[in-house]
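In what follows, a structure is listed as structure tokens, so that the remarks can point back to it.
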Amino acid sequence: ASSFTMTGSQVRVGVRIRPLTHKEQSQGGKNVAKAQPPSVSIGSRSFTYDQVFDTMISQSSLFHQVSPPLLDSFLEGYNATIMAYGQTGSGKTFTMGSEAHSEGESGLIPRFMESIFDTLDRKKLESDTAKSGPVLLNYSINASFLEVYGEDIHDLLDKDRKPLPLRDDANGGVVATGLTSHSITSAKEALNVLNDGTLNRTTAATLMNLTSSRSHAIFTIYLSQTIRTEVDVTTTSKFTFVDLAGSERM
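The following block contains the structure:
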């Protein structure tokens, strides 16, 4: 199952139940997890979450159920995070879309990129002809992509992959010193950055998934937008997508 951290005043957790693989079916495997939203039942035991997605849900439907509060908050200047957690082979990377898939199978990251740029471009166009109300003067987006492998942190957009040190910043947060960010002006450019970083991600064969990622991957986009009301106000926000390594390795 994959878990999602949703926006708002609290952490929210959703579970996605993946279908059996062809290998599992050929070996006589049976799906014992039953979706009964907002719960998942396994035998006589039941576990309740904020959201439950069964094996039949499409990538598109998943996005439309997960995205509204996150997308709206991010565009309003708040930080947002989605975190995929689960055992190797549970479908985390497929769900997140941090690797290339066909258009109909695109995961959350590509769909969020499309929606973010579509919304900002529409707001900018409306602002250019607006006679009153808030006006979006301009916006810029940058992207970074890092990997946590063991105790090392690597910049996936740096071909040299030198370990990055961690430092406390002035706001009391923690930053990876030397992490690069790339300016992006479209969803296509964002996915190019994602794909470039994915090629550098550490992987190793496992029994469950021959291309299973053995590291935590963190793809972050940073939005800066200037809006004019009575005065010009610039807000910054970031959207972080975390594709964790298999939970059995943590």
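For what it's worth, my numbering labels the leading residue of the sequence shown as 1, then goes sequentially. A virtual CB, placed ideally from N, CA and C, is assigned to each residue, including glycine. Please read these numbers as outputs of a predicted model, since none were measured by experiment.
Cβ shell of residue i (< 7 Å), same chain only, five flanking positions each side left out
i	result
Leu20	Gly29 and Asn31
Ala33	Ile17, Val40 and Ile42
Residue i versus residue j - alpha carbon distance
i	j	result
Arg228	Leu75	15 Å
Ala245	Tyr139	33 Å
Tyr85	Gln225	31 Å
Lys162	Ile109	26 Å
Ile153	Tyr78	26 Å
Glu114	Ala187	5 Å
Val231	Pro69	27 Å
Leu194	Phe145	7 Å
Phe283	Ser67	The question about residue 283 has no answer, for the chain in this structure spans 1 to 250.
Ser282	Phe53	An answer regarding residue 282 cannot be provided, because it is not within the stretch 1 to 250 covered by the chain.
Asp50	Gln10	11 Å
Glu126	Phe63	26 Å
Tyr277	Gln27	Outside the displayed range of the chain (1 to 250) lies residue 277, so it cannot be described from this structure.
Val135	Lys123	8 Å
Residues sharing a beta bridge with residue i, DSSP
i	result
Val242	Met83 and Ile218
Phe145	Phe219
Asn138	Thr226
Ala190	Ala190 pairs with nothing; no bridge assigned.
Pro163	His154
Asp50	In the DSSP output, where bridge partners are listed per residue, Asp50 has none listed.
Contact set for residue i: own chain, Cβ-Cβ below 6 Å, skip 5 residues either direction
i	result
Leu120	Tyr139
Asp160	none
Thr236	Ser224
Lys238	Asn79, Thr220 and Tyr222
Thr55	Ile17 and Pro19
Neighbourhood of residue i by C-beta, 8 Å cutoff - its chain only, sequence neighbours within 5 removed
i	result
Leu166	Ile153, Val174, Val175, Ala176 and Thr177
Ser3	Unreliable positioning characterises Ser3 in this predicted model, as indicated by a pLDDT of 41, which lies under 50. A coordinate reading is not provided.
Gly172	none
Ser106	Gln59 and Gly97
Ile116	Leu71, Phe74, Leu75, Ile141, Ala187, Ile221, Leu223 and Phe239
7 Å Cβ cutoff met for residue i and residue j
i	j	result
Gln157	Gly197	In the sequence under discussion, the amino acid at residue 157 is Leu, which differs from the Gln named in the question. Yes, the Cβ-Cβ distance between Leu157 and Gly197 is below 7 Å.
Thr81	Thr240	yes
Asp155	Leu179	yes
Arg201	Glu147	yes
Closer than 6 Å: residue i CB and nearest the ligand FAD heavy atom
i	result
Ile17	Looking at this structure, you won't find the ligand FAD or any other ligand, since it has none at all.
Interface flag, residue i vs chain B, CB-CB below 7 Å
i	result
Ala143	The structure shown contains no chain B; it holds only a single protein chain.
Pairs of beta-carbons, one from the segment 57–70 and one from the segment 215–230, closer than 8 Å: are there three or more?
no
Below 8 Å, can you find three or more Cβ-Cβ pairs linking the segment 132–149 to the segment 183–198?
yes
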